[in-house]
Amino acid sequence: MQKIEDVTMLYEISNALNEHLDLKKSLYKVLDILSNSMNMVRGTITILNPLSNEIKIEVAHGISKSAVENVKYKLGEGITGRVIETGKDVSIAKISEEPLFLNRTASRKSSKNQEVSFICVPVKKENQVIGALSVDRPYDEKYQLKEGTKLLSVIATMIARQVINLENINLEKEQLRNENKRLKSELENKYS
3 MQKIEDVTML YEISNALNEH LDLKKSLYKV LDILSNSMNM VRGTITILNP
53 LSNEIKIEVA HGISKSAVEN VKYKLGEGIT GRVIETGKDV SIAKISEEPL
103 FLNRTASRKS SKNQEVSFIC VPVKKENQVI GALSVDRPYD EKYQLKEGTK
153 LLSVIATMIA RQVINLENIN LEKEQLRNEN KRLKSELENK YS
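Shown next as structure tokens:
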């Protein structure tokens, strides 16, 4: 039965990504779907600034805006920074046992009763890592982290595809604007 639920979730995410040209709205919707379908309590989509090598949280779910606003990671810093640097996913059954975990947003108040699992996968544009998708979910010894990681990797690929599509649309718009300006200039020069 889980496979049908996974396919349904992927279908919903595909629709959410294709619903708007506003990437941020689409990404928030993706995190909402993950919250409902994957039992995600917190999630982020982080983006790498290739000029500064800083990583910032683009959208978040289950974390306050004020906690997210000033959070930045360096490439290779913490788990998210390492995932983006190496392009390799990381899954951790119990986050409290991971010394590399930074908890920059201070959103994980660890209690012995409520252990959290963490999955972070790279978002890649061709072979270049442009960000990461990360999910916190309540620890469950029966939950297959490997399967969850595969599923999130598929979703990260869908996100990257949408980023590429929107970049292409914006590039085409810019080319059309430039062509329009050039033609206007030619007409003005010809008839003035």
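Per my numbering, the very first residue in the sequence shown carries number 3; after that it's consecutive.
C-beta atoms are modelled at their ideal positions from N, C-alpha and C, and glycine is treated no differently.
Owing to the predicted nature of the structure, the values given are computational and were not obtained by experimental measurement.
Could you tell me whether the Cβ atoms of residue i and residue j are closer together than 8 Å?
i: residue 24; j: residue 63; result: no
i: residue 88; j: residue 134; result: no
i: residue 40; j: residue 118; result: no
i: residue 29; j: residue 161; result: yes
i: residue 57; j: residue 75; result: yes
i: residue 86; j: residue 77; result: yes
i: residue 8; j: residue 153; result: yes
Going straight from the alpha carbon of residue i to that of residue j, what length do you get?
i: residue 73; j: residue 48; result: 10 Å
i: residue 97; j: residue 51; result: 26 Å
i: residue 171; j: residue 163; result: 12 Å
i: residue 176; j: residue 21; result: 22 Å
i: residue 169; j: residue 129; result: 16 Å
i: residue 43; j: residue 79; result: 23 Å
i: residue 37; j: residue 45; result: 8 Å
I need the DSSP call for residue i, collapsed to helix, strand or coil.
i: residue 189; result: helix
i: residue 77; result: coil
i: residue 136; result: strand
i: residue 65; result: coil
i: residue 116; result: strand
i: residue 93; result: strand
i: residue 56; result: strand
i: residue 144; result: coil
i: residue 25; result: helix
With residue i and residue j assumed to form a contact (beta carbons below 8 Å), what rounded beta-carbon distance in angstroms separates them?
i: residue 124; j: residue 131; result: 5 Å
i: residue 122; j: residue 142; result: Their Cβ separation, rounded to whole angstroms, is 18 Å, which puts residue 122 and residue 142 out of contact at 8 Å.
i: residue 157; j: residue 15; result: 6 Å
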